[in-house]
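Undergrad:
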Amino acid sequence: MFLNYKPTWMLEAIYQLTPEELAKHDIRAVLTDLDNTLIAWNNPDGTEELLNWIESMKAAGIPVIVVSNNKAERVERAISHLGLDYVARALKPFTKGMNEAAKKLNLPKENIVMVGDQLMTDIKASNSAGIRSILVKPIVSSDAWNTKPNRAMEKMIMTHLKKNNSDMKWRGDLS
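Under our numbering, residues 30 to 204 are what the sequence shown spells out, in order.
Structural data, given as structure tokens:
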């Protein structure tokens, strides 16, 4: 029960994901949620840590695509200075956005990973699309109003998953 919500890995933050870690698992591209995964939902400018992480991915030739349920205008405004591609109105937890991003990459899905902070949308969508997933802790503890209902359900699902899966632990790498 709830296995569609089980992430492949759990990391403290997206910034712990390195090109070396990705290579160990034959991952050649990263899909990422926007709000509370890549940037704080209430700070669209991002941080120095974000800029350094994106530079490390670019230097390693690893494409990063933002897959967001937000409108294109919101995503564009948040990431235009980062030089990243994106899929807006992804309709997560459905697979539409995941499949669109995978098509842009022209890579087999087994070489792609999705990073997100929500089981109910990011992890469910990636698992349903056949893409490995990484759950990260939200960058900030507060959420936009439309995320709060998901967090209540997520807490229940997470409790069940952790109880029944000993590998469900926060880690610093993909080992």
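The beta carbon of each residue, even a glycine, is placed where N, CA and C say it ideally should be.
With a CB to CB cut of under 6 Å and the five nearest residues on each side skipped, what residues in its chain are close to Leu164?
TA: Excluding residues within five positions, the ones whose Cβ falls inside 6 Å are Pro36, Met39, Ile152.
Undergrad: Among residues of its own chain, excluding the 5 on either side of Asp202, which ones have a beta-carbon nearer than 7 Å to its beta-carbon?
TA: Closer than 7 Å at the Cβ level, and outside the excluded window around Asp202, lie Gln45, Glu50.
Undergrad: So, helix, strand or coil for Thr61, using DSSP?
TA: Of the three classes helix, strand and coil, the one that applies to Thr61 here is strand, per DSSP.
Undergrad: Would Trp82 be called buried (16 or more neighbouring beta carbons within 10 Å of its own) or exposed?
TA: Under this definition Trp82 is a buried residue.
Undergrad: Please classify Leu190 as buried or exposed, where buried requires at least 16 neighbouring CB atoms within 10 angstroms.
TA: Buried, by the Cβ-count rule.
Undergrad: Can Lys133 and Asp114 be called in contact, C-beta distance under 9 Å?
TA: Going by C-beta atoms, Lys133 is nearer than 9 Å to Asp114.
Undergrad: Where does Glu102 land, buried or exposed, given buried means 16+ other C-beta within 10 angstroms?
TA: Label assigned to Glu102: exposed.
Undergrad: Can you tell which of Asn33, Leu67, Lys192 has the C-alpha that lies nearest to the C-alpha of Val169?
TA: Closest by alpha carbon: Leu67.
Undergrad: Classify Arg103 as helix, strand or coil using the three-state DSSP reduction.
TA: Arg103 falls in the helix class under three-state DSSP.
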